[in-house]
Amino acid sequence: MKIAVTAQELSAAIDEERDLPGCAALKVAFVPTMGALHAGHLSLVRKAQEYADLVVVSIFVNPLQFGAGEDFDKYPRTLEADAELLKEAGADLLFAPTVDVVYPAGIDMANQQAARNPALQSGEVGKTFEGAARPGHFDGMLAVVARLFELVQPDFAVFGAKDAQQVFLIKRMAATEFPDLHIIEAPIVREASGLAMSSRNRYLDEAALTVAVQLSKAINVGKAAAETLAARPSVAIKAALARIESVPEAKLDYLAVVDPSTFEPIDDAFVGRALMLIAAAVGSTRLIDNITIDFQEQFA
Ligand code: PAF
-15 MKIAVTAQEL
-5 SAAIDEERDL
5 PGCAALKVAF
15 VPTMGALHAG
25 HLSLVRKAQE
35 YADLVVVSIF
45 VNPLQFGAGE
55 DFDKYPRTLE
65 ADAELLKEAG
75 ADLLFAPTVD
85 VVYPAGIDMA
95 NQQAARNPAL
105 QSGEVGKTFE
115 GAARPGHFDG
125 MLAVVARLFE
135 LVQPDFAVFG
145 AKDAQQVFLI
155 KRMAATEFPD
165 LHIIEAPIVR
175 EASGLAMSSR
185 NRYLDEAALT
195 VAVQLSKAIN
205 VGKAAAETLA
215 ARPSVAIKAA
225 LARIESVPEA
235 KLDYLAVVDP
245 STFEPIDDAF
255 VGRALMLIAA
265 AVGSTRLIDN
275 ITIDFQEQFA
């Protein structure tokens, strides 16, 4: 596996592959990450391998998407171990840029430039759910993802479904800014307990892990209510709420059901596939999860 730090090294490494005999039309799949890799990330690499000949993974902890008081400084940075895992997973190229490679004019300027670009605004959707809890997070996320797309110029980009609101916003941005790029959403990878894998799970001790598991348990209760007992969305939410509220150590932020095509909450008339979202703090660690729920038409 090659490692590139600068933009020049990145494009030289990709060009080198394209210059190989018969590889001029080689397809590139891209997996952007912030490192602290786990099995969930490695499943994104495998998904990328299904689509393309060359898989590029980036590791960059993006300062623009962390608010004041968030965990930017303590976010786990484990580059050596990550590189090892990526090598084993068969990734072709690791792009691990420094801040000045991603934002050559500086962070403040990058922020200002992104704020002037309407395509990089997360808008109303970016102010709800995760965006309400983390003001500015999604604008910073879109800024870095667009910048990484410019640098890597992939044919495919793979994101994990756990960050459903992020994927929604990236798809919307890419549709206008990178119309030839295919955004692939890969399923959530879970621990045997049901806990969705996340780099932030490293912050959880054993007691906190038993609380964290309750997020996935709660949304599964909501799903079962809807799909087995034909509950409408409001009733499915109540069932899931009852479950999570029985665990006071999990400080619930939101539990909602949205239409995945708009990311807006649905009402009880909704029929089709929706997404139940949950976010809660376990100690000082913020966790999110989601699950699809099929709401059937009801006949009187
Ligand atoms: O999901 C993440 O890890 C980050 O938000 C991303 C997409 C790599 C952008 O920094």
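Numbered according to this note's numbering, the sequence shown spans residues -15 to 284.
Just so you know, even glycine gets a beta-carbon here, dropped at the ideal spot from N, CA and C.
Taking 9 Å as the cut-off, the beta carbon of V29 is found closer than this to the beta carbon of L70. Membership of P16 in any alpha helix (DSSP H) is not indicated; the residue belongs instead to the beta strand (DSSP E) covering 12 to 17. With the rule of 3 Cβ pairs closer than 8 Å, the region 255 to 268 counts as touching the region 226 to 241. With respect to the 9 Å criterion, F140 and I168 are classified as neighbours on the basis of their beta carbons.
Cβ-Cβ separation between L63 and A(-12): approximately 13 Å, too far for a contact (criterion under 8 Å). Within 8 Å of the C-beta of P5 there is not a single heavy atom belonging to the ligand PAF. Counting of Cβ neighbours within 10 angstroms places M93 among the exposed residues, the total staying below 16. Taking A75 as reference, the option from D37, T82, R100, F56 with the minimal CA-CA separation is D37. Approximately 6 Å separates the beta-carbon atoms of A196 and L271; this is inside 8 Å, confirming the contact. Under the three-pair Cβ rule at 8 Å, the region 38 to 57 does not count as touching the region 199 to 209. A65 sits exposed, since fewer than 16 C-beta atoms from the chains shown fall within 10 Å of its C-beta.
Two segments are said to touch when three or more pairs of C-beta atoms, one from each, lie closer than 8 Å; by this definition the region 89 to 107 does not touch the region 217 to 229. Contact between L104 and M18 is ruled out by a C-beta separation of about 19 Å, above the 8 Å threshold.
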